[in-house]
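Take a look at the structure below.
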Amino acid sequence: MTESLPQYSIAQARDQLTQLVHTAEQGSSIEITRRGKRVAVIVSAEEYDRLASPKSDFWTSLVNFRERLVEDSVDIDPDEVFKDVRDRSSGREVNL
0 MTESLPQYSI AQARDQLTQL VHTAEQGSSI EITRRGKRVA VIVSAEEYDR
50 LASPKSDFWT SLVNFRERLV EDSVDIDPDE VFKDVRDRSS GREVNL
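In numbering that gives the first Met the number 0, the protein residues as written are 0 to 95.
Okay, here's the thing in structure tokens:
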């Protein structure tokens, strides 16, 4: 994360745990420190589930995306889109 999170020492967190949990439920993360060093982060259960969920590989993600995308609902003709990109030549001449 690039943004600076609010920091609480372990003693402060213990005294304000209810408030910190409520803050986390609202979507803000909180750093817990010990002797000035970050040792833990409190996040909401929703954020934890998102972070802990297994990540699918690229191929699985692509297949899932294509299943969700109904090609008929998108008015795109691939041949029209790529007509100026594709090389229609037969290739170079090869002497065997």
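Quick reminder that beta carbons are idealized off the backbone N, C-alpha and C, glycines included.
Query, Result
"GLU24 - containing alpha helix (DSSP H), residue span", "16–24"
"Three-state class that DSSP yields for ARG67 in the structure shown", "helix"
"Contact belief for ILE29 with TYR7 at Cβ below 8 Å, rounded distance in angstroms", "6 Å"
"Element boundaries [beta strand (DSSP E), containing GLU30]", "29–33"
"ARG49: first and last residue of the uninterrupted alpha helix (DSSP H) it sits in", "44–51"
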